[in-house]
Structures are given as C-alpha cells and as structure tokens.
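Quick note: the sequence shown uses this note's numbering, first residue 1303, plus one each step.
Every residue gets a Cβ at the ideal spot worked out from N, C-alpha and C, and that includes glycine.
Notes follow the structure.
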Amino acid sequence: MNNRSSPQTQIWKVGLVNHQLKYLTAETFGFKINASGASLRKKQLWTVEQDANEEDTIYIKSHLGRYLAGDKKGNATCDSESKGDAQKFVIYYCPDQSGRWAICNRSTGLYLGGTDEIVQCHEKQPGAAEWWYAHLAVHPQINLRNYGRNKYARLNSKTNHLQVDEITPWGADALITIEFIEGRYGVKTCDDRYLHFNGSLVDQPSSDTLFTIELKSGMYCGLALKDHSGKYLTAIGKDAVVQSKNKSAGKDELFSIEDSQAQVYFIAHNGKMVSLKQGIDMSANQDTDINDLSDKETFQIEFDLRTHQWRVKTCENNYWCFDPASNGIQCIGNGNNPNELFTVDWLPNGAITLRASNGKFVSAKMNGSLYAQSDSVSEKEHFYARIINRPILVLKSEFGFVGFRTQNNPRYECNKTIHDIIFVEHKPAKKCGEYYFKGHNGRYWSIDGEGNVNADSSEPHPFIIELRKYTKMAIKAANGCYLIGEQNGIISAKGKDVQKAVMWEY
1303 MNNRSSPQTQ IWKVGLVNHQ LKYLTAETFG FKINASGASL RKKQLWTVEQ DANEEDTIYI
1363 KSHLGRYLAG DKKGNATCDS ESKGDAQKFV IYYCPDQSGR WAICNRSTGL YLGGTDEIVQ
1423 CHEKQPGAAE WWYAHLAVHP QINLRNYGRN KYARLNSKTN HLQVDEITPW GADALITIEF
1483 IEGRYGVKTC DDRYLHFNGS LVDQPSSDTL FTIELKSGMY CGLALKDHSG KYLTAIGKDA
1543 VVQSKNKSAG KDELFSIEDS QAQVYFIAHN GKMVSLKQGI DMSANQDTDI NDLSDKETFQ
1603 IEFDLRTHQW RVKTCENNYW CFDPASNGIQ CIGNGNNPNE LFTVDWLPNG AITLRASNGK
1663 FVSAKMNGSL YAQSDSVSEK EHFYARIINR PILVLKSEFG FVGFRTQNNP RYECNKTIHD
1723 IIFVEHKPAK KCGEYYFKGH NGRYWSIDGE GNVNADSSEP HPFIIELRKY TKMAIKAANG
1783 CYLIGEQNGI ISAKGKDVQK AVMWEY
C-alpha cells in the first residue's frame, strides 16, 4: 500500500480500534457498520482524507468507497458516495499520550463511538467507547521523509544516529520499520534497533521508544510523532539527527511515509557488478565486495502497473534506457520513455534475463558493457539481481503477517496481526540468486517433511527471492516449490509453479 503524500492533501489508510480492542468494520452488504472486527482486514480498512481547504477537517471512507457520517439524532451511517457537511469530522488526541483518537462530527459536535454491533455518533464528550486507537494500514517497512528538510531519514552507522540527510532514499540504511505496540509506534532502523526520543538507538522497546501519531492538515499536511512527554520528533542540528524537541508541531515536525521499493545490485556472467561509475554507459565492470557496495552499484527496480514491465532507477534519479542508435544501455531516462521498460524473466537458478524495448535480450560483453542485441538466452544474458535494502524483512499475505505460530513455536504462519522480523543473509557465492532467512530466535529457516516452514535449523538453507510485482515477491524453497499461504495460516513449500505461489508483500 502506498501512503504517498503532497503538502496540499494527504490520504492515510488506518484501522480504528476501540476500547475492547475491536476494529470498526464496514460490512460488504447493506453498508452496515459495527465495532466487532477481530483484526485488520479489508473490511476494517478506512481511508482518512484530509481537507486541503478546511484545516483539521477529515473525511473517513470505507473499503466500499462510502463515507462515514453523523446526524443530529446521534446516528452514524456509512452509505454516502459523496462528501458534505455530515461527512466532516475532526480528530482530537487523548492528552494522556496513549495515542487514542476521539473523532468528532464537525456539524453536530457529537463523537463517534462503537461497541460490538452498535456504532453511533451520539456523545457530546468522549467516553470509553469514543476513544479509538489508529492502526496505520501500511506495510511496516517504509521510507520516512521530513517536510522541513525535504529529505529522507537514514541510519548513519558512523554517528550511530537516524539522520534526515538523503535526497533520495538509497540503500539498506534508508529502510525504516514501524512497529505498532499497544496503540503507539516504534521506529526501527535497518539494523533492528529502536529510535529513543533522545536520538539514540536502543535494542529493546520501552516507553521512551514509543510515539503516538497525529495527522496534521492546513498549509502543510503530514504525520507527526509525539513522545510520552508530549514532544514531537524532528530533525535537529546540522546533522539533522531525529529526536524529540518541541511541544508544538509545525512543518519541521511533519513526516510522510512512502513505500520502500526494492533496490538491488546486478551481477553479470563475468562475476562483476553493474555500475554507473564510468558515466552514462552501463557496464558490469566493478569487482566490489557486497560490504563495500556504493550507491553507484545500487539500483531501484520499479514495477510499471500498466505494462507489467520494469524500470531500473539509479542513485542519480535517472533510469536505464535502451539507446536504439547503439543498442547500448545508458542511464539517461527521465521516467517517461518507453525505451526505459524492460521485461524481466526469472530463471530456475534465481538468475534473471532483461529484454529491452527492441525485443532483444541484454547481455554483458567481455569488457562489461551492456547491450541489447541477443535473440536467445545463454549464460551471457544471465544476471543476478540481489536485493540489498532488506537486511531485515517483514512479509505479509492477504491473510495477515508472517510470524511464529506462538512465541515458543517457530513454525511460521501467515495470518498474524503482528509481524515478525526476518533476518536476510546473502549466500556468499557471487553468481548466485539464493538467500538464507533467519528467525528472531537466531535459527535458520528450513522446510520439514510436510513442506512447512520453521525457524529451527543451526545450518542455513537456501531460498530464492523472485521480485514479481509492485512490492511483492515469490519465494522458492530448495525443493523447487514456491511458498504458498492459506487462510488458516499454514505456510508450505508446495507451489509447483509461480501461478500457484503466494505473492508476499514486502
């Protein structure tokens, strides 16, 4: 899901959780609403739309495209396709720093409340039933942009701080994971540490690492994160270190959340990395260790929803582009050229082929230069695209997150409401498309005799990641089968082909 934003308008997708820890739900038939959802699924998904012209006004839309409304009699309905005065609400934030919202109808001054089957907009003051936790309905792994600096947050491993100093989020250090904990949020860096309100990074969550969220509108729209003392996160000083400072939220305290798209490095048949160090002509000529990888060997692959092809973006904000005059691949695209589109096919060993807009396969010459001239596939057309910005991984299926069955049972299931962190290791061989996965218990993933996935091995077992759709991947086990997930939570390596595989959101 994408929570992309602009300074004029903001759209957020959330689940609303009442005092009984049940979700506000819009039923599929009859536009009925209740507060009895057990977890955040499609029917519990609400879109909060901020009004660009009327400060603090929001509209709340169900998954059916109907807007929540309240009337003077205290009724709450959700059947209107259009927005009017009855659909206008204002959010008030609980002063106890619990992160709860009170949602007040702007026209009537009455608050939205819900218990079991009864949802009303009836009370003049919020009571227990009128306070809601807001559960952001985003994939937890994101990029975080600060409006004041107009830059992205990243882990600076030298200073050991989260800093807002990157124009484009690039590499593993720009990966942020947000964690929903009892109505508040932890902010984690790519090495699985929590941001403390004082700007330090710590291993374990506490009240000092949890923040409430507030939606701000008006001249600047965005998300503000407030610590338990009532101070907001911002970027401080010349190094733009993220920590708490002020008790009011202006532009400098506002953030936007964006999808973290896959970034990879490419290994060609000659065992060298593709790079743009030599200029606009792409070439596989860098004999670089993965630990010394630079931004110029890191590329973002972007799925085109219209054509189902891929673009390859560089750290300089341009794209790989097929040059019809030379048949070469150059980094000169602006994001709108059809010659930037490549067809990606995955091979059984985890390698890929790239087919350019001329229908020819891309290959690397002996000197490393990339050209789209081949009519057929040989080893010279093989590339390994190894994902670099997921040292820790959160996987989600249509049924929920991937996590241990229980705290002490390391069998994985795919219907969890809370995610588990999965640690990703690259198999050491250079010309290789395989990865090792490790659970938070320190044990490696393995496949048992029934095809189930467990984190119970002291030895690593290989898996192949295939990036298939926008922020979605298929995973293939060593038995040659893809991981599939079922509504009852069972994950098994039994998918015989990619059509039967689950597309795991990452």
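Between Thr1379 and Leu1370, the C-beta spacing is below 9 Å. Leu1578 places its beta carbon less than 9 Å from that of Glu1618. Contact between Val1466 and Asn1448 holds, with the beta-carbon distance rounding to 4 Å and staying under 8 Å. Shown here for Lys1553: same chain residues with a beta carbon closer than 6 Å to its own, the five before and five after excluded, namely Tyr1449, Gly1450, Tyr1522 in chain order.
Comparing alpha carbon positions, the residue from Asn1781, Glu1481, Lys1574, Ile1786 closest to Val1696 is Glu1481. CA-CA distance, Ile1689 to Cys1783, rounds to 20 Å. Taking C-alpha positions only, Lys1718 is separated from Ala1570 by approximately 39 Å.
One thing to note: Ile1786 has its Cβ within 9 Å of the Cβ of Ala1795. Here Phe1391 is bridged, per DSSP, to Ile1360, Asn1407. By the CB criterion at 9 Å, Ala1776 and Ile1767 fall inside the cutoff. Between the alpha carbons of Ser1558 and Gly1473 lies a gap of roughly 19 Å.
Here the alpha carbon of Ile1720 sits roughly 31 Å from the alpha carbon of Lys1460.
Judged by DSSP secondary structure, Ile1690 falls outside any beta strand (DSSP E); it is assigned neither H nor E.
Looking at the DSSP output, Ile1559 bridges to Leu1446. Asn1320 is positioned such that its CB atom lies closer than 9 Å to that of Thr1417. DSSP, read as helix, strand or coil, puts Ala1537 in strand.
Going by C-alpha positions, Glu1761 is about 42 Å away from Gly1661. Just so you know, the alpha carbons of Thr1590 and Asn1620 end up roughly 23 Å apart.
Counted as a single uninterrupted DSSP element, the beta strand (DSSP E) harbouring Glu1727 occupies residues 1724-1728.
DSSP places Gln1789 in no beta strand (DSSP E); its state is neither H nor E. Pro1626: not part of any beta strand (DSSP E); DSSP gives it neither H nor E.
Beyond the five residues adjoining it in sequence on each side, Lys1374 comes within less than 6 Å, by CB distance, of Thr1410 in the same chain, given in chain order. The beta carbon of Tyr1395 sits closer than 6 Å to those of Glu1516, all from its chain and outside the five residues before and after it, given in chain order.
In this structure, DSSP gives Pro1712 an extended state, which the three-state scheme calls strand.
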